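So the sequence shown is residues 96 to 320, counted in the working numbering. Worksheet for the structure shown next.
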Amino acid sequence: MATERLDRQRVINAAVALLDAEGLDALSTRRLGTVLEASANAMYWHVGNKENLVGLATNAGFAELELRTDGESWRDRLAATARELRGLFTRHSWLTAAFSAHPRIHGPEIVRFQNHLLQVCQQAGFEGFDLDWAGATVFSFVIGDAWGQAQSPTPDDSSAMTTELLERVKTELTDYPLLLERYTALANADPATVDVASFEFGLCSMLDGLQAHLDHQNGTTSPNT
């Protein structure tokens with residue numbers, strides 16, 4: 096591919112593909128230039144340094160979010176937003192490392208997401224700093240879950256590792272029947288099913304907590320709405 100045929104979007108798309116395949120540590124303007132058969136200087140001309148490139152790739156990822164706003168309660172909208180964000184982090188597992196290594200990442204699609212999240216929290220009844228903290232709670236929950244996923248082995252490997260661990264520690268757990276029961280249950284469960292159920296449990300608990308905070312602020316005990 097000749098250098099003169101490059102444009103910024105093509106470079107960003109190639110960066111996202113490289114990040115998906117090999118992760119954040121593999122990305123550099125020099126490596127990307129090799130992939131595109133262009134010089135590192137050409138990459139710098141189109142997208143700047145690595146930090147800027149990571150920001151552009153992250154922004155491209157956030158453009159995938161639909162962020163629906165039609166006819167749902169705030170709780171349903173917030174749950175849908177959290178699930179959609181989780182899907183994004185699952186498709187692009189490097190995003191957790193990107194936010195950790197480059198906390199100042201910014202861009203129009205990220206701003207669009209932030210505004211959507213605040214609007215839903217505002218619809219719920221949060222205001223002032225509570226509004227900021229409610230949005231941050233949702234984002235932190237999802238990115239924390241995504242970080243755990245990024246560190247986890249594949250479902251098949253996870254099942255095998257849990258079974259192996261159970262056999263290794265079974266004797267040590269004789270005096271701890273509850274712990275032995277939970278290890279055994281995990282060893283016999285489908286990792287993918289447990290993964291989804293774990294996220295949904297945490298999501299429901301988080302939404303319950305936000306609802307309880309609103310009820311406390313309002314001096315009510317209202318049902319989820």
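Quick reminder that beta carbons are idealized off the backbone N, C-alpha and C, glycines included. Quantities reported herein were computed from a predicted structural model and do not represent experimental measurements.
- Non-local C-beta neighbours of glutamate 146 in its own chain, meaning closer than 6 Å and more than five positions away in sequence, comprise His197, ordered along the chain.
- Setting aside the 5 residues that flank it on each side, glutamate 267 has no residue in the same chain whose C-beta is closer than 8 Å to its C-beta.
- Judged by DSSP in its simplified three-state form, tryptophan 189 adopts coil rather than helix or strand.
- Only exposed fits histidine 311, as fewer than 16 other CB atoms lie within 10 angstroms of its CB.
- Three or more beta-carbon pairs separated by less than 8 Å link the region 197-208 to the region 144-161, which places the two stretches in contact.
- One Cα belongs to alanine 135, the other to leucine 127, and the distance between them is close to 8 Å.
- Within the same chain, and ignoring the five residues on either side of glutamate 179 in sequence, the residues whose Cβ sits closer than 6 Å to its Cβ are Leu160.
- CA-CA distance, leucine 122 to alanine 110, rounds to 7 Å.
- Relative to phenylalanine 157, the option among Ala116, Gly143, Thr176 and Asp165 whose CA is nearest is Thr176.
- Cβ neighbours of alanine 241 within its own chain (closer than 6 Å, five residues either side excluded): Phe184 and Thr191.
- The beta carbon of arginine 181 is closer than 7 Å to those of Val237, Asp240, Ala241 and Phe294 in its chain, skipping five residues each way along the sequence.
- Contact between alanine 282 and threonine 258 is confirmed by a C-beta separation of about 5 Å, below the 8 Å threshold.
- Selection Val142, Gln244, Ala133 and Asn313 evaluated against arginine 100 yields Ala133 as nearest (Cα-Cα).
- Secondary structure note for proline 198: it is in no alpha helix (DSSP H), with a DSSP letter that is neither H nor E.
- Membership of tyrosine 271 in any alpha helix (DSSP H) is not indicated, and neither H nor E is assigned to it by DSSP.
- In this structure, Gly230 is the residue among Gly243, Val264 and Gly230 with its C-alpha nearest to the C-alpha of valine 206.
- Counting only residues of its own chain and dropping the five nearest sequence neighbours on each side, leucine 302 has a CB closer than 7 Å to the CB of Arg170, Leu173 and Ala174.
- Residue burial is scored here from C-beta neighbours: valine 142 has at least 16 other C-beta atoms within 10 angstroms and is therefore classed as buried.
- Threonine 315 sits exposed, since fewer than 16 C-beta atoms from the chains shown fall within 10 Å of its C-beta.
- If you compare the alpha carbons of Arg263, Gly118, Thr279 and Val233 with that of cysteine 299, the shortest gap goes to Val233.
- Shortest Cα-Cα distance from glycine 243 to any of Gly304, Glu262, Tyr278 and Trp189 involves Trp189.
- For glycine 223, the three-state secondary structure derived from DSSP is coil.
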